[in-house]
Amino acid sequence: MTGARVPVIGQGTWDMPESGSRLQEAKEAIRRGIELGMTHLDTAEMYGSGRVEELLGEAIAGIARERLFITTKVLPSNASYSGTIAAADRSLKRLRCEYLDLFLLHWSGSFPLEETMCAFASLVERGKTRFVGVSNFDAEAMLEAAAHLGSVPLACNQVLYNLGERAIDHRLIPLARERGIAVVAYTPFGRGRFARDRRAAGGTLERVAAKHDATARQVVLAFLTREPNLFTIPKAARIAHVEENAGAGELALDAGDIAAIETAFPRGRPGPLAML
Ligand code: NAP
């Protein structure tokens with residue numbers, strides 16, 4: 553809907569090491585990911601209370617800004633009209649950027665949605681962000697946010713989506729596709745639960761991976777981004793992990809692969825949107 557070109561596999565930053573010996577590798581991992589095409593970088597004012605935005609700003613220093621697609625999020629507790637504008641300015645400062653690519657409401661809170669969306673529209677008009685969106689919104693709330701934005705498009709809804717959390721396949725994904733809204737899957741590996749999911753699948757991921765000379769994690773990322781409006785943002789603070797994840801960008805699953813994964817990880821019943 554926006555016409556922006558964004559790589560389907562990006563990089564998350566929640567729980568990035570904020571200090572200590574692993575900090576340097578984390579910054580190098582982000583740069584390596586960018587080199588490999590994972591130029592969609594996701595962060596939030598909440599992560600490390602701003603420290604992760606700073607870390608990201610340091611990691612991208614010297615990289616041409618137009619190569620990157622930077623997303624950050626305002627906390628619901630800051631999402632009044634003036635609070636949203638001020639939060640964007642603080643994030644820009646920490647990221648050392650003049651504009652954001654995408655600014656999201658992290659989840660819905662107590663300020664009226666209309667007020668936050670009005671601030672979002674104003675940030676777009678003033679060139680502080682190219683696009684705006686929401687996170688952790690169910691299908692109805694997503695449409696409500698879009699309606700409040702008027703002529704400014706709702707670019708994205710960032711939601712929990714992995715092999716064990718597929719409720720959004722029932723309604724949210726088809727509706728977003730119909731409306732031209734990108735769905736960005738967060739926590740694609742379920743953080744620590746990947747090993748459990750993998751065992752539960754009884755070798756399905758490994759079989760599909762072997763067929764494509766890929767890895768099981770690459771198969772997961774390719775599955776989660778199997779349709780044109782689906783994106784994902786795995787987080788990896790280790791360079792080897794980033795390199796593996798980037799490889800998924802090239803992997804195209806066929807209908808048989810997708811059917812096998814659907815069987816191993818069924819959608820389950822429609823239910824409320826899960827969030828972390
Ligand atoms: P995740 O991406 O599912 O899992 C991250 C974990 O997987 C880390 O421990 C990472 O290890 C490991 N990992 C990544 N690639 C790997 C690989 N190739 N091999 C082995 N291990 C690998 O979980 P997440 O961080 O919760 O989600 C991703 C991003 O989504 C977040 O970072 C954040 O940007 C976003 N998010 C948004 C919301 C929201 O409310 N909007 C909520 C949660 C997350 P290392 O770090 O050691 O490499």
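The sequence shown begins at 553 in my numbering and counts up one residue at a time. Ideal placement from N, C-alpha and C gives every residue a C-beta, glycine not left out. Model, not experiment: these values are computed from the prediction.
Next on the checklist: For residue 816 and residue 582, I'd like the C-alpha separation in whole angstroms.
Outcome noted: 32 Å
Next on the checklist: Quick check on the DSSP output: what are the complete beta strand (DSSP E) runs of length 3 or more inside the region 754 to 825, in order along the chain?
Outcome noted: 782 to 784
Checklist entry - With distances taken between CB atoms, is the gap from residue 768 to residue 803 smaller than 8 Å? => result no
Checklist entry - What is the rounded straight-line gap between the Cα of residue 808 and the Cα of residue 717? => result 21 Å
Checklist entry - Does DSSP put residue 670 in a helix, a strand or coil? => result helix
Checklist entry - Per DSSP, which one or two residues make a beta bridge with residue 625? => result 656
Checklist entry - Distance, Cα to Cα, residue 599 vs residue 799? => result 26 Å
Checklist entry - If residue 794 and residue 584 are in contact, beta carbons under 8 Å, what's the gap, nearest whole angstrom? => result 5 Å
Checklist entry - Across which residues does DSSP place residue 687 in a beta bridge pair? => result 710
Item to check | Neighbourhood of residue 513 by C-beta, 8 Å cutoff - its chain only, sequence neighbours within 5 removed | outcome: Examination of residue 513 is not possible in this model, given that the chain is present from 553 through 828 alone.
Next on the checklist: Rounding to the nearest angstrom, what Cα-Cα distance links residue 560 and residue 694 in this structure?
Outcome noted: 21 Å
Next on the checklist: Given the structure, does residue 564 come close to the ligand NAP, in the sense that its CB is under 7 Å from one of the ligand's heavy atoms?
Outcome noted: yes
Next on the checklist: Quick check: is any heavy atom of the ligand NAP less than 7 Å from the C-beta of residue 741?
Outcome noted: yes
Checklist entry - Using DSSP with H/G/I as helix, E/B as strand and the rest coil, what is residue 721? => result helix
Next on the checklist: Measuring straight from C-alpha to C-alpha, what distance separates residue 827 and residue 712?
Outcome noted: 6 Å
Checklist entry - Within 7 Å: the Cβ of residue 710 and any heavy atom of the ligand NAP? => result yes
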